[in-house]
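In the numbering used here, the protein residues as written are 127 to 337.
Cβ coordinates follow ideal geometry from the N, Cα and C atoms, glycine included.
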Ligand code: DC
């Protein structure tokens with residue numbers, strides 16, 4: 127039977143890390159909706175234009191089974207992870223016509239089979255009938271610390287205070303926008319990962335999924 131799991135929460139809460147692992151263990155497809163907003167943002171940045179219906183109309187965004195992201199046929203998996211694209215993604219996500227287009231694509235993807243989809247509005251807007259809804263959170267300090275450690279482990283320059291500032295700004299922008307803001311669905315289960323390991327969060331989601 128087709129099953130749908132929705133995982134929402136603020137930036138850096140660990141949604142994609144745990145969703146990917148859960149999907150692999152369950153044999154479900156993992157859908158990273160943040161990557162789709164990032165792809166729209168990258169398209170704008172590359173074209174030097176602000177987002178409009180034209181730019182988004184025939185956009186081709188594909189996610190494969192290895193979580194690779196393709197924009198108009200070109201792989202952009204790494205390119206969409208820069209701080210510049212993070213900021214721009216939160217900006218384009220404010221527009222109703224962008225959300226409408228991506229929500230349609232996300233629903234089409236979810237119709238293909240069992241999925242675990244992560245984002246900001248999956249439980250509230252995209253898949254309100256999901257079988258299980260998780261709202262994954264952690265303190266801003268912990269989310270910034272994790273992001274800092276991740277960049278360091280990749281040998282990249284990182285400034286903890288700056289990361290914390292950017293996450294706080296993105297939280298504000300994502301939760302205060304008018305259309306489909308970041309919010310916990312009334313029937314979502316709150317999971318605070320501040321003091322949990324990745325494996326503990328995965329185990330809890332699998333338990334809630336009845337596995
Ligand atoms: O999850 P992420 O950091 O990759 O998401 C990038 C931005 O995209 C985020 O700041 C808000 C937006 N987003 C959204 O508005 N709705 C979603 N379902 C997923 C992401």
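Residue i to residue j span [Cα, whole Å]
i	j	result
residue 186	residue 199	7 angstroms
residue 179	residue 164	16 angstroms
residue 325	residue 167	32 angstroms
residue 285	residue 267	13 angstroms
residue 306	residue 226	10 angstroms
residue 320	residue 151	23 angstroms
residue 322	residue 337	20 angstroms
residue 129	residue 264	26 angstroms
residue 287	residue 273	11 angstroms
residue 299	residue 331	27 angstroms
residue 235	residue 173	27 angstroms
residue 333	residue 149	14 angstroms
residue 195	residue 158	9 angstroms
residue 142	residue 327	12 angstroms
Residue i: first and last residue of the uninterrupted alpha helix (DSSP H) it sits in
i	result
residue 163	159-173
residue 327	324-334
residue 235	222-236
residue 273	266-279
residue 183	179-183
Whole-angstrom C-beta distance between residue j and residue i, which should lie under 8 angstroms
i	j	result
residue 258	residue 329	With a Cβ gap of about 14 angstroms, residue 258 and residue 329 do not count as contacting.
residue 160	residue 262	At roughly 13 angstroms, the Cβ-Cβ gap does not stay under 8 angstroms, so residue 160 and residue 262 are not in contact.
residue 193	residue 156	6 angstroms
residue 169	residue 197	6 angstroms
residue 134	residue 303	Wrong, their Cβ atoms sit about 14 angstroms apart, outside the cutoff.
residue 162	residue 231	7 angstroms
residue 229	residue 252	5 angstroms
residue 132	residue 297	Contact flag wrong, Cβ pair sits at about 19 angstroms.
residue 301	residue 308	5 angstroms
residue 293	residue 275	In fact, because the Cβ distance is near 14 angstroms, the residues do not count as touching under 8 angstroms.
residue 145	residue 242	5 angstroms
residue 279	residue 154	Not quite, the Cβ-Cβ distance comes to about 27 angstroms (not below 8 angstroms), so this is no contact.
CB contact check: residue i to chain D, cutoff 8 angstroms
i	result
residue 280	The structure shown contains no chain D, having only a single protein chain.
Identified DSSP bridge partners for residue i
i	result
residue 156	242
residue 201	196
residue 188	196
residue 261	134 and 316
Residues near residue i in its chain [Cβ-Cβ closer than 7 angstroms; skip 5 each side]
i	result
residue 177	166, 170, 218, 221 and 224
residue 282	none
Span of the beta strand (DSSP E), counted from its first residue to its last, around residue i
i	result
residue 134	130-134
Contacts around residue i, its chain only, beta-carbon distance under 8 angstroms, and the 5 residues preceding and following it disregarded
i	result
residue 254	311
Residues of its chain near residue i, where Cβ-Cβ distance is below 6 angstroms and the 5 sequence neighbours each way are ignored
i	result
residue 211	164, 167 and 168
residue 318	263
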